[in-house]
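Taking it in order: structure first as structure tokens, then the write-up.
Residue numbers (my numbering): 835 to 1017.
Structure representation (structure tokens):
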């Protein structure tokens, strides 16, 4: 099992938006969902993606996308815009849920937590153990207070000395973990 937690500082918390980009950069959330859960012609059933949405009007909300139960989806942005609008308005979609929750509350219930940071220990050289949980920020990054809190439960890891897009970080982590699995 793998989990990814994206902290979206500006991600809209209601369904009143015209596009994902205008919804507090929910397009970043969409891109991270794709990189977390999808391979060519398949859904990663062993992955759960969480996004903590910190935008207006009622933050924080936790968006959960569960690969095990996710159904009835396409990969295009328009479909995900419709799905996100639907779940943010209180309706349901198989494998996707919304609940009132903060990053701090979410990580309290997790083990084996890794915070992505350029200055962290190289992900290539450490044992990630079973069921790793990766925490990363959006284009703005994690708030300092939340990062310090999360680091009480985990440690910093790095995929390299450069800053990458959040979705690229997730793709690289999935690649590294896929390489470590025995087929």
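We put the beta carbon where it would ideally sit given N, CA and C, even for glycine.
Considering only C-alpha positions, which residue in the set the options is nearest to residue i?
{"i": "residue 997", "options": "945, 984, 979, 975", "result": "975"}
{"i": "residue 971", "options": "943, 948, 928", "result": "948"}
{"i": "residue 953", "options": "994, 927, 878, 887", "result": "994"}
{"i": "residue 881", "options": "1013, 1004, 981", "result": "1004"}
{"i": "residue 950", "options": "991, 917, 932, 939", "result": "991"}
{"i": "residue 885", "options": "891, 874, 897", "result": "897"}
{"i": "residue 957", "options": "904, 1011, 913", "result": "1011"}
{"i": "residue 934", "options": "891, 973, 916", "result": "891"}
{"i": "residue 868", "options": "840, 894, 893, 895", "result": "840"}
{"i": "residue 989", "options": "900, 946, 932", "result": "946"}
{"i": "residue 944", "options": "908, 959, 973, 985", "result": "985"}
{"i": "residue 883", "options": "932, 1013, 999, 977", "result": "932"}
{"i": "residue 940", "options": "894, 1013, 874", "result": "894"}
{"i": "residue 999", "options": "981, 899, 973", "result": "973"}
{"i": "residue 837", "options": "900, 915, 1013", "result": "900"}
{"i": "residue 981", "options": "1009, 1013, 936", "result": "936"}
Using 10 angstroms around the beta-carbon of residue i, count the other beta-carbons present and answer buried if the total reaches 16, otherwise exposed.
{"i": "residue 835", "result": "exposed"}
{"i": "residue 1007", "result": "buried"}
{"i": "residue 961", "result": "exposed"}
{"i": "residue 955", "result": "exposed"}
{"i": "residue 1015", "result": "exposed"}
Sorted by chain position, which residues of the same chain lie with C-beta nearer than 8 Å to residue i's C-beta, five sequence neighbours on each side aside?
{"i": "residue 942", "result": "987"}
{"i": "residue 889", "result": "842, 843, 844, 845, 846, 847, 857, 858"}
{"i": "residue 911", "result": "854, 861, 864"}
{"i": "residue 919", "result": "849, 851"}
{"i": "residue 904", "result": "871, 877, 928, 929, 930"}
{"i": "residue 906", "result": "927, 928"}
{"i": "residue 1001", "result": "862, 865, 866, 868, 869"}
{"i": "residue 909", "result": "868, 872"}
Within a Cβ cutoff of 7 Å, which residues of the same chain sit near residue i, ignoring the five residues on either side of it in sequence?
{"i": "residue 902", "result": "879"}
{"i": "residue 983", "result": "938"}
{"i": "residue 979", "result": "none"}
{"i": "residue 874", "result": "none"}
Given residue i, which residues of its chain have a CB within under 6 Å of its CB, disregarding the five upstream and five downstream residues?
{"i": "residue 917", "result": "927"}
{"i": "residue 921", "result": "927, 930, 932"}
{"i": "residue 914", "result": "864"}
Extract the residue ranges of the beta strand (DSSP E) inside the segment 930-997, only unbroken runs of 3 or more that lie entirely within it. Listed in chain order, the complete beta strand (DSSP E) runs (minimum 3 residues) inside the segment 930-997 are 930-934, 947-956, 967-971, 988-992.
4-residue-minimum alpha helix (DSSP H) runs that sit fully inside the segment 843-929, ordered along the chain: Taken in chain order, the complete alpha helix (DSSP H) segments of 4 residues or longer contained in the segment 843-929 are 860-871, 911-922.
Give a yes or no on contact between the segment 922-936 and the segment 960-971, applying the rule of three or more CB pairs nearer than 8 Å. No contact exists between the segment 922-936 and the segment 960-971.
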